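> For the sequence shown, full-length UniProt numbering gives the first residue as 1, with consecutive numbering after it.
Glycine included, each C-beta is placed from N, C-alpha and C at the ideal position.
Owing to the predicted nature of the structure, the values given are computational and were not obtained by experimental measurement.
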Amino acid sequence: MRTSGGAVRSAAVAAAGLVLLAGCGGGPGGRHSDGTDDAGKGRRPGGPAHGASTTTHLKEVPGIGTALRSRIPAASRQVVAVYGEGADSANSTVVLYEKDAGGWDRKATWTAHNGRRGWTADHHEGDKRSPVGVFTLTDAGGVLADPGAKLPYTHSSAFTPPPYWDKSTRHDFDYVVAINYNRVKGTSPLDPTRPQGQSKGGGIWLHGDHGGGTSACVSVPKAAMQTLLRALDPARHPVVVMGDKVRLAG
């Protein structure tokens with residue numbers, strides 16, 4: 001759903017937004033559960049793309065082993081690869097790859113963060129770990145107006161973090177891209193439906209970074225979100241491949 005800047009949001013949509021924001025990281029007690037006192041805050045993570053001499057016409061997306069590579073849809077021509085620094089680390093590197101007739105090209109690389117406790121192959125609500133896997137990217141939105149997204153974009157104040165979250169998170173959801181983990185594709189990122197059940201978590205997004213780990217989302221700088229929104233194209237069937245580097249290569 002694409003909405004204009006003057007769209008009137010219903011109470012139901014606003015309530016759904018609070019549910020999803022809670023899934024992405026909010027918590028009671030005057031602090032955001034994506035707290036900025038995470039170990040490793042401010043460190044610059046490494047990744048297979050850093051220092052690579054060959055960035056165009058790659059046969060495969062670097063660092064992705066057979067198990068996860070086989071789950072990338074054949075039609076996919078865009079991959080957002082999230083290279084976690086370690087199984088228990090909140091630090092990661094995000095790389096945008098695009099495929100043409102010559103192979104995969106690396107388009108951009110950003111320092112990023114993932115779940116504050118690292119990664120898991122069996123994500124559950126509240127575990128503060130990001131799910132390892134391959135997930136499609138079909139829907140976007142944010143507090144700010146559409147910056148030129150190709151994905152359907154929901155512009156809504158319902159993305160605004162609650163006032164009891166830490167001040168450092170105020171702009172985390174200026175722009176978001178929903179990661180299709182335990183959600184209904186083709187709906188707003190604010191849709192709280194979780195087909196696999198509440199216990200499996202949800203509300204996992206690509207969103208703005210505040211300098212520390214998240215509850216399960218992947219966060220990148222604001223400029224990176226703008227670049228991703230303008231690049232990710234439904235016609236190219238974009239996916240995110242995400243996990244710590246060991247499991248990605250498995």
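#1: What are the start and end residues of each continuous beta strand (DSSP E) run of 3 or more residues lying completely inside the segment 70-152, in chain order?
#2: From which residue to which residue does the beta strand (DSSP E) around Val220 run?
#3: Which residues in the same chain as Gly118 place their Cβ atom closer than 6 Å to its Cβ, once the five residues preceding and following it in sequence are excluded?
#4: Quick check: the Cα distance between Thr214 and His171, rounded to an integer number of angstroms?
#5: Can you have a look at His124 and say buried or exposed, based on whether 16 or more other CB atoms are within 10 angstroms of its CB?
#6: What is the C-beta distance between Leu228 and Val80, in whole angstroms, given that I count them as a contact (C-beta under 8 Å)?
#7: Quick one: residues in its chain with C-beta nearer than 7 Å to the C-beta of Ala74, no 5 flanking neighbours on either side, listed in chain order?
#8: With DSSP collapsed to three states, give me the class of Val61.
#9: Could you work out which residue in Val218, Tyr164 and Lys167 is closest to Gly203 when comparing CA atoms only?
#10: Please state whether DSSP places Gly5 in a helix, a strand or coil.
#11: In three-state terms, what does DSSP make of Val246?
#12: Going by beta carbon distance, what residues of the same chain come within less than 8 Å of His237, once the five residues before and after it are set aside?
#13: Considering only DSSP beta bridges, list what Thr214 is partnered with.
#14: Touch check for the segment 184-203 and the segment 136-148: three-plus C-beta pairs under 8 Å?
#15: Take the Cβ of Tyr153 as the centre, count every other Cβ of all protein chains shown within 10 Å, and call the residue buried at 16 or more, exposed below.
#16: If you measure from the CB of Ser130, is any heavy atom of the ligand FMN nearer than 6 Å?
#17: Determine the contact status of Gly208 and Asp174, defining contact as a CB-CB distance below 7 Å.
#18: If you reduce the DSSP assignment to three classes, tell me which class Leu232 lands in.
#19: DSSP has Ala178 in a bridge; who is on the other side?
#20: Taking 7 Å as the threshold (C-beta atoms), are Val176 and Pro163 in contact?
#21: On the criterion of 16 or more Cβ atoms from any shown chain inside 10 Å, does Gly102 qualify as buried, or is it exposed?
#22: Can you list, in chain order, the residues of its chain with a C-beta nearer than 7 Å to that of Gln226? Leave out the 5 residues immediately preceding and following it.
#23: Which residue from Asp100, Asp122 and Thr93 puts its Cα closest to that of Gly108?
#24: Skipping 5 residues on each side, what residues in its chain have a beta carbon closer than 6 Å to that of Thr193?
#25: Which residues does DSSP list as the beta-bridge partners of His155?
#26: Anyone know if the C-beta pair for Ala216 and Gly84 falls short of 7 Å?
Taking the geometry as given:
#1: 78-84, 91-100, 103-113, 133-136 and 140-142
#2: Val218 to Val220
#3: Ala87, Asp88, Ser89 and Arg129
#4: In this structure, the CA atom of Thr214 is about 14 Å from the CA atom of His171.
#5: exposed
#6: 7 Å
#7: Around Ala74: no qualifying Cβ.
#8: coil
#9: When each option's Cα is compared against that of Gly203, the closest is Val218.
#10: The pLDDT assigned to Gly5 is 36, lower than 50, so where the model puts this residue is not dependable, and the model offers no usable value.
#11: In the structure shown, the three-state DSSP call for Val246 is helix.
#12: Pro73, Ala75, Ser76, Arg77, Gln78 and Thr136
#13: Gly115
#14: yes
#15: buried
#16: Judged by which ligands are present, the structure shown has none, so any question about the ligand FMN falls away.
#17: Result yes, Cβ atoms of Gly208 and Asp174 sit closer than 7 Å.
#18: Here Leu232 sits in coil by DSSP.
#19: Trp205
#20: no
#21: exposed
#22: Pro147 and Tyr175
#23: Reading the sequence as shown, one finds Ala at residue 108 and not Gly. When each option's Cα is compared against that of Ala108, the closest is Thr93.
#24: For Thr193, same chain residues with a beta-carbon under 6 Å away, outside a window of 5 residues either side, are Val184 in chain order.
#25: Listed as beta-bridge partners of His155 by DSSP are Gly142.
#26: no
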